[in-house]
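Engineer: First the structure, which I've put down as structure tokens, then a few questions once you've had a look.
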Amino acid sequence: MLRMFRRRRRDDLACVEFVELVTDYLEGAMSSADRARLDRHLGGCDGCTRYLAQMRTTITLVGRLTVDDVDALGDDARAELLAVFRAYRAET
Amino acid sequence: MAGATTPYADDRVLVEALRRGDEDAFGWLIDRYDGSLRRLARNYVATPAVAEDVVQETWLAVVKGIDRFEERSAVSTWLYRILANIARTRGVREHRSIPFSSAAGALDEGAGPAVDPERFGTPGAPGYGAWAAPPTPWADEPESRLEFGEVLDVVRAAVEQLPPAQQEVITLRDLEGWTSTEVRNALDLSETNQRVLLHRARSKVRRAVEAYFEKAEV
Numbered sequence: 001m002l003r004m005f006r007r008r009r010r011d012d013l014a015c016v017e018f019v020e021l022v023t024d025y026l027e028g029a030m031s032s033a034d035r036a037r038l039d040r041h042l043g044g045c046d047g048c049t050r051y052l053a054q055m056r057t058t059i060t061l062v063g064r065l066t067v068d069d070v071d072a073l074g075d076d077a078r079a080e081l082l083a084v085f086r087a088y089r090a091e092t
Numbered sequence: 093m094a095g096a097t098t099p100y101a102d103d104r105v106l107v108e109a110l111r112r113g114d115e116d117a118f119g120w121l122i123d124r125y126d127g128s129l130r131r132l133a134r135n136y137v138a139t140p141a142v143a144e145d146v147v148q149e150t151w152l153a154v155v156k157g158i159d160r161f162e163e164r165s166a167v168s169t170w171l172y173r174i175l176a177n178i179a180r181t182r183g184v185r186e187h188r189s190i191p192f193s194s195a196a197g198a199l200d201e202g203a204g205p206a207v208d209p210e211r212f213g214t215p216g217a218p219g220y221g222a223w224a225a226p227p228t229p230w231a232d233e234p235e236s237r238l239e240f241g242e243v244l245d246v247v248r249a250a251v252e253q254l255p256p257a258q259q260e261v262i263t264l265r266d267l268e269g270w271t272s273t274e275v276r277n278a279l280d281l282s283e284t285n286q287r288v289l290l291h292r293a294r295s296k297v298r299r300a301v302e303a304y305f306e307k308a309e310v
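Chain order of the listed sequences is A and B.
Counted from 1, the first sequence has number 90 at position 90 by the numbering used here; the numbering is strictly sequential.
Counted from 1, the second sequence has number 94 at position 2 by the numbering used here; the numbering is strictly sequential.
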């Protein structure tokens with residue numbers, strides 16, 4: 001009885017733990033046993049499944065910032081840098 | 093970015109071309125990294141103008157330093173290190189707090205749970221730990237379309253509000269697409285610390301997006 005209880009406890013994962021392990025999970029930074037444990041939890045937990053999906057969406061959204069957020073180098077500044085490169089490489 | 097299909101995407105080809113004085117290669121390098129360097133520079137210095145100077149100086153150092161570049165590291169890492177050195181010098185001059193120069197506090201700054209503990213019930217009460225207030229669906233998953241610009245504003249603001257070390261890691265990983273190894277090398281972080289910073293950063297950005305959708309629902 002006690003042993004059964006212990007085994008269950010070891011295998012069960014609380015959602016509050018899952019949200020702290022989600023990055024290790026996404027990074028593949030865990031043993032296959034731990035990974036299987038998280039997968040089992042996800043199999044029976046809609047809240048954590050959604051949480052994981054939202055983390056993935058978050059990562060995608062941060063990746064989208066590039067498109068909007070790049071302040072492009074001006075053409076003049078670019079041409080100037082190329083001129084410096086040309087001059088310097090010609091010297092050496 | 094068209095980078096993946098050009099031969100310059102291969103570091104060895106790129107470095108060799110730069111050493112030969114191939115201007116196209118240098119142009120490609122600028123187009124590929126200038127935006128990234130500029131964004132990263134802003135983590136270190138107070139104003140866009142100073143960041144601009146730092147990036148300019150970085151490119152000059154690249155022109156002069158390409159012959160001494162050791163190909164053990166990636167070109168991206170090398171660029172970043174040059175930028176970080178220049179930016180730190182400038183940042184110190186401006187008395188700005190620097191993300192990694194005194195790493196002691198940097199890791200702990202902005203520590204905290206990924207999700208408000210109260211959402212898992214009453215701490216200490218029986219049954220605590222399972223979702224009491226599980227995440228609700230984000231109206232029209234933002235990837236699809238809808239309010240795209242607005243969501244991105246929220247994400248951008250959330251990233252900007254992160255402590256510097258977290259901001260730097262999430263920018264390099266999720267915005268610039270660096271691998272964890274590249275980030276660790278460039279920032280001199282252990283594998284674990286890199287992951288801890290990334291975790292805190294992503295968790296906070298997720299919370300910001302969640303808050304945005306909860307507000308939008310009303």
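Note that the Cβ used here is the ideal one computed from N, Cα and C, for glycine as well.
1. On the three-state DSSP scale, how would you describe tyrosine 136/B?
2. Apply the 10 Å Cβ neighbour rule to serine 168/B and answer buried if 16 or more other Cβ atoms are within range, or exposed otherwise.
3. Check each candidate in Val207/B, Val142/B, Asp200/B, Glu201/B and name the one with the smallest Cα separation from leucine 175/B.
4. Assuming arginine 50/A contacts proline 227/B under a Cβ cut-off of 8 Å, what Cβ separation, rounded to an integer in Å, is found between them?
5. Determine the closest residue to glutamate 163/B out of Thr263/B, Trp151/B, Asp145/B, Glu108/B, with distance taken between C-alpha atoms.
6. Beta-carbon of glutamate 91/A versus every beta-carbon of chain B: anything under 8 Å?
7. Can you round the beta-carbon distance between isoleucine 122/B and leucine 73/A to whole angstroms, since I take them to be within the 8 Å contact cut?
8. Which term fits lysine 156/B, buried or exposed, when burial requires 16 or more other beta carbons within 10 angstroms of its beta carbon?
9. Between glutamate 115/B and chain C, is there a C-beta pair that is closer than 8 Å?
10. Tell me which same chain residues have a C-beta within less than 7 Å of the C-beta of valine 154/B, skipping the five on either side of it?
11. Counting only Cβ pairs nearer than 9 Å, list the residues of chain B close to aspartate 46/A.
12. Strictly under 8 Å for the Cβ-Cβ distance: is glycine 157/B near chain A by that measure?
13. Please list the terminal residues of the continuous alpha helix (DSSP H) segment that includes isoleucine 262/B.
14. Taking 8 Å as the CB-CB limit, is glycine 63/A close to chain B?
15. Once the 5 residues before and after glycine 219/B are set aside, which same chain residues still bring their CB inside 8 Å of it?
16. How about tyrosine 25/A and arginine 35/A: are their beta carbons less than 8 Å apart?
17. Determine the direct distance from the alpha carbon of arginine 56/A to that of tryptophan 230/B, and round the result to whole angstroms.
18. Could you name the residues of the stretch 96 to 126 of chain B whose beta carbon sits closer than 7 Å to any beta carbon of chain A, in the order they occur along the chain?
19. When the Cβ atoms of the stretch 15 to 22 of chain A are set against those of the stretch 200 to 214 of chain B, are three or more pairs found closer than 8 Å?
20. Are the C-beta of methionine 55/A and some C-beta of chain B separated by less than 8 Å?
21. Does the distance from the CB of arginine 298/B to the CB of glutamine 54/A come in under 8 Å?
22. Quick one: is phenylalanine 161/B near chain A, going by C-beta distance under 8 Å?
23. Say whether chain B places a C-beta atom closer than 8 Å to the C-beta of tyrosine 25/A.
24. What are the start and end residues of the alpha helix (DSSP H) that includes arginine 265/B?
25. Return no unless some Cβ of chain B is closer than 8 Å to the Cβ of leucine 82/A.
Structural biologist: According to the data block:
1. Within the second sequence, residue 136/B is the residue found at index 44, counting from 1. Coil, per DSSP.
2. Within the second sequence, numbered from 1, the residue matching residue 168/B stands at position 76. By the neighbour-count criterion, in which 16 or more other beta carbons inside 10 Å mark a residue as buried, serine 168/B falls on the buried side.
3. On the second sequence, position 83 is the one that residue 175/B refers to. Ranking Val207/B, Val142/B, Asp200/B, Glu201/B by Cα distance to leucine 175/B puts Val142/B first.
4. In the first sequence, counting from the first residue as 1, residue 50/A sits at position 50. In the second sequence, counting from the first residue as 1, residue 227/B sits at position 135. Indeed, because the Cβ distance is near 5 Å, the residues count as touching under 8 Å.
5. By 1-based counting over the second sequence, the position of residue 163/B is 71. Checked all of Thr263/B, Trp151/B, Asp145/B, Glu108/B; the closest Cα to glutamate 163/B is Glu108/B.
6. Position 91 of the first sequence, counting from 1, holds the residue named residue 91/A. No, its Cβ sits nowhere closer than 8 Å to a Cβ of chain B.
7. Here the question's residue 122/B lines up with position 30 in the second sequence. Here the question's residue 73/A lines up with position 73 in the first sequence. About 7 Å separates the two Cβ atoms, so the contact holds.
8. For the purposes of this step, residue 156/B is taken as the residue at position 64 of the second sequence. Within a 10 Å sphere around the beta-carbon of lysine 156/B sit fewer than 16 other beta-carbons, which makes this residue exposed.
9. Looking at the structure shown, chain C is missing, and the protein chains on hand are A and B.
10. The residue labelled residue 154/B in the question sits at position 62 within the second sequence. So the qualifying residues of the chain are Leu171, Ile174.
11. For the purposes of this step, residue 46/A is taken as the residue at position 46 of the first sequence. What aspartate 46/A touches in chain B: Trp223, Pro226.
12. Here residue 157/B is taken as the residue at index 65 of the second sequence, counted from 1. Answer no: the Cβ-Cβ gap between glycine 157/B and chain A never drops below 8 Å.
13. Stepping through the second sequence from its first residue, residue 262/B is reached at position 170. First-last of the alpha helix (DSSP H) with isoleucine 262/B: 256 to 262.
14. Sequence index remark: in the first sequence, residue 63/A carries index 63 (1-based). Output row for glycine 63/A: interface = yes.
15. Translated into the one-based positions of the second sequence, residue 219/B becomes position 127. For glycine 219/B, same chain residues with a beta-carbon under 8 Å away, outside a window of 5 residues either side, are Gly213 in chain order.
16. Position 25 of the first sequence holds residue 25/A. Position 35 of the first sequence holds residue 35/A. Against a cut-off of 8 Å, the Cβ pair of arginine 35/A and tyrosine 25/A comes out as a contact.
17. For this step, residue 230/B is matched to residue 138 along the second sequence. For this step, residue 56/A is matched to residue 56 along the first sequence. Rounded to the nearest angstrom, the gap between the Cα atoms of tryptophan 230/B and arginine 56/A is 13 Å.
18. Correct list: Gly113, Glu115, Phe118, Gly119, Ile122, Asp126.
19. With the cut-off at 8 Å, the stretch 15 to 22 of chain A and the stretch 200 to 214 of chain B touch.
20. Within the first sequence, numbered from 1, the residue matching residue 55/A stands at position 55. Chain B, which has a Cβ nearer than 8 Å to the Cβ of methionine 55/A, makes this yes.
21. Counting from 1 along the second sequence, the entry for residue 298/B is found at position 206. Counting from 1 along the first sequence, the entry for residue 54/A is found at position 54. Yes, these two residues count as a Cβ contact at 8 Å.
22. For the purposes of this step, residue 161/B is taken as residue 69 along the second sequence, with counting starting at 1. No, no contact with chain A.
23. Residue mapping note: residue 25/A aligns to position 25 of the first sequence, counting from 1. Tyrosine 25/A does not count as touching chain B.
24. Here the question's residue 265/B lines up with position 173 in the second sequence. No alpha helix (DSSP H) contains arginine 265/B, which DSSP labels as neither H nor E.
25. Reading the first sequence from its first residue, position 82 is the one you call residue 82/A. Interface residue, yes.
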